[in-house]
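The listed protein sequences correspond, in order, to chains A and B.
Residue 26 in numbering that gives the first Met the number 0 sits at position 27 of the first sequence; the count goes up by one each step and never skips.
Residue 196 in numbering that gives the first Met the number 0 sits at position 197 of the second sequence; the count goes up by one each step and never skips.
Beta carbons are placed, not taken as given, at the ideal position from N, Cα and C, and that holds for glycine.
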Amino acid sequence: MVDKRRSLKEAIAEYVQDDLSVAIEGFTAFICFAAGHEIIRQQRLNLTLIRMTPDVIYDQMVAAGVARKLVFSYLGNPGVGPLHCLRRAIEKSIPAPLEIEEYSHYGMVGRYLAGASHLPFFPMRSYLGSEMLRVNEQIKMVNSPYGDDVVAVVPPLNPDVAIIHAQRADKQGNTHVWGLLGVQKEVAFAAHKVIVVVEEIVDESVIRADPNRTLIPGLIVDAVVHVPYGAHPSYVQGYYDRDNVFYLKWDALSRDPERVQAWLDEWVFGLSDHAEYVRKLGTETLERIKPGVAPAANVDYGAYR
Amino acid sequence: MTDLNISNAKEYTPAEIMVVSAARALAGVRTVFVGVGLPNIACNLARYTVAPDLELIYESGVYGAQPARQPLSIGDPTLVTGATSVISMADLFSLYLQGGLVGVALLGGAQIDRYGNLNTTVIGSYTDPKVRLPGSGGACEIAINAQRVYIIMHLKKRAFVERLDFLTTPGHLRGGTTAQQLGIPGRGPQLVITDKALFDFANAEREMQLVSLHPGVTLDIISAEMGWQVRMAETLSETPPPTADELAIVRGRLSSGSMSQSQIASEA
């Protein structure tokens, strides 16, 4: 079996090239900020950034100038307010114009599903009467071939690279996830290349002891990267909580482009990797976001010899 | 949200009467699609009072959440721990929502029109926006597929408009049966819960009509905050004020967590 372990620096250098489309997914949870920061550090250009909820990570990446286009379905700092850097880019072309392509959540889910299962479109009951149909001609209404029903369809989405954060994987990339599953599985199967970033690398036997928890098989994974706290300031179920203090802090500082650049200088360009970032965060922050304990009951798969 | 934490039980805030009114409207409901902030408090209050069997569904992929703290967002880890089921968003939208299992959905917006259509996309034009708003999220399909929709918004002239800048999420579209004719399976907006009054759509035109004024609110106050001539229901009631029990729950069990004003604004 191939050992797919790489450093984050190596994985980004190898798979995330200029002009590619990149999906760092994870719905509020499991957002791989470490990978976003490494892409900024390696100064990629002209990326198409894909994410249902761009969140603070794409706010930072757009402010850093790595993107030319954004594909999304909800543009907010969850539970806090707007994303100021993205608003500046869309409303005022600061630091540069940003092309947008916009769907609803189900539309994005359907696009990943069509992409993953090699279908020409995905049908759904949405968009009826919505002006999203007017501003995005990729969304179409079609007649059912089986009756007089009309449904909306969205086209497949196959990102060049998907970056998924999770609790644990073995060195071949078989990945366990628990908590909000979001579209992690769908985007991984839809993407041409998959980078999995995890809190822990475990032995294959740990994965095989609980196969129902394997959301992503190593079969479709190109690189496995071990980055503890790699989703900070978002969270990993059972490992750490969302650092909401940071999300609120970002809301304040991101109103000022100069403060954003100063933040990027200090927390991204000024650090060599995510391990340094975690050291800079300090033990007080890590203690603050440490959750209590809530284990599941044991599951017995049975031995059948 | 500091105004939920005042201690005098005889007095209540506009936010509290909104929460309490929304909770009461969930009496007997089995499944509700929840947003953060006021809708979340309302659904949890309903669970403790008029709807003990209510299952909370979040678009992040949680069915039957029983949050131990006030969730900071719809993706808060407290929604996962102790939930009935955690599912992919594909299953959530296809099987639960489109499958017709959502009884009531609570939605909000930056703008609403007289037929309960919502704008959460832009102020100004789409290609040259004055203010770029978050967009649909799941709201468009939620409004189309939920059996019924309740809307929670502060009554403000800039929000209750004659004409939306952008129609993100369909309500009753152009009124009457226009939504049905287009193939929308859900029954659409049934109730608009504001800080000043309650509205429903119980007329043939499916036009928003004033059904209940909160105590101390006059018709003049309502008219001043609406962008069109308000339609009156046949009978106009006064909203019963929050009871001491309801306020005790809202200020006690449901007051933990840091809910800021900007959070409430961001529900839009």
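Across the segment 130-148 of chain B, CB contacts with chain A closer than 7 Å involve Arg131, Pro133, Gly134, Ser135, Gly136, Gly137, Cys139, Glu140, Ile143, Asn144, in sequence order along the chain. When the beta-carbon positions are compared, A/Arg124 and B/Ile143 come within less than 8 Å of each other. For B/Gly182, at least one C-beta of chain A is nearer than 8 Å to its own C-beta. Per DSSP, the beta-bridge partners of B/Ile122 are B/Val130.
The beta carbon of B/Pro169 lies closer than 7 Å to those of Asn116, Ala142, Ile143, Ala178, Ile183 in the same chain, with the five residues before and after it left out. Within 7 Å of the CB of A/Gln236, the CB atoms of chain B belong to Pro76, Val79, in sequence order along the chain.
The C-beta of A/Asn211 has fewer than 16 other C-beta atoms within 10 Å across all chains shown, which makes the residue exposed. When the five nearest sequence neighbours on each side are left out, the beta carbons in the same chain lying within less than 6 Å of the beta carbon of B/Glu161 are those of Gly226, Trp227, in order along the chain.
Annotation: A/Gly172 has no Cβ neighbours in chain B at a cutoff of 9 Å; minimum Cβ distance is about 19 Å.
DSSP lists A/Ser20, A/Lys68 as the beta-bridge partner residues of A/Thr47. In the DSSP assignment, the residues bridged to A/His225 are A/Val197.
About 6 Å separates the Cβ atoms of A/Gln166 and A/Val176, confirming a contact at the 8 Å cut-off. In the structure shown, the three-state DSSP call for B/His153 is coil.
In this structure, DSSP gives B/Asp199 an extended state, which the three-state scheme calls strand.
Membership of B/Thr177 in the alpha helix (DSSP H) is indicated by the continuous run 177-181. Cβ atoms of A/Leu97 and A/Val61 come within 8 Å of each other, at about 6 Å.
Where B/Pro188 is concerned, the enclosing beta strand (DSSP E) starts and stops at 188-192. B/Gln97 belongs to the set of residues whose beta carbon lies under 8 Å from a beta carbon in chain A. Remark: C-beta atoms of A/Cys84 and A/Asp58 approach each other more closely than 8 Å. DSSP places A/Ala190 in the coil class of the three-state scheme, outside both helix and strand. Pairing A/Val141 with A/Val134 gives a Cβ-Cβ distance that is not under 8 Å. If you look at A/Ala274, you'll find it isn't in any beta strand (DSSP E); it sits in the alpha helix (DSSP H) that goes 273-287. Around B/Val79, the same chain offers Val61, Val85 as residues with beta carbons nearer than 7 Å, after the five sequence neighbours per side are excluded. Here the C-alpha atom of A/Met107 lies approximately 14 Å from the C-alpha atom of A/Ser116.
Within the segment 74-98 of chain A, the residues whose Cβ lies closer than 8 Å to any Cβ of chain B are, in chain order, Leu74, Gly75, Asn76, Pro77, Gly78, Val79, Gly80, Pro81, Leu85, Arg86, Ile89, Glu90.
For the segment 97-116 of chain A, the beta-carbon criterion of a distance under 7 Å to any beta-carbon of chain B is satisfied by Glu101, Ser103, His104, Tyr105, Val108, Leu112. Taken atom to atom, the span from the alpha-carbon of B/Ala145 to that of A/Ser204 is near 43 Å.
In the three-state reduction of the DSSP assignment, B/Met231 falls in the strand class, which pools E and B. For the pair B/Leu166 and A/Ser129, the CB atoms are nearer than the 8 Å cut-off.
Under the DSSP assignment, A/Thr213 falls in the beta strand (DSSP E) whose first and last residues are 213-215. Contiguous alpha helix (DSSP H) elements confined to the segment 73-101 of chain B occur at 76-79, taking only those with 4 or more residues.
Classified as buried, B/Glu140 has 16 or more neighbouring CB atoms from the shown chains inside 10 Å of its CB. Bounds of the beta strand (DSSP E) holding A/Ala151 are 149-153.
Residues of chain A with a Cβ closer than 9 Å to the Cβ of B/Pro38 do not exist; the shortest Cβ-Cβ separation is about 12 Å.
Between the C-alpha atoms of A/Phe245 and A/Ala302 there is a straight-line separation of about 47 Å. Taking C-beta atoms as the reference points, A/Ala22 and A/Ile56 fail to come closer than 8 Å.
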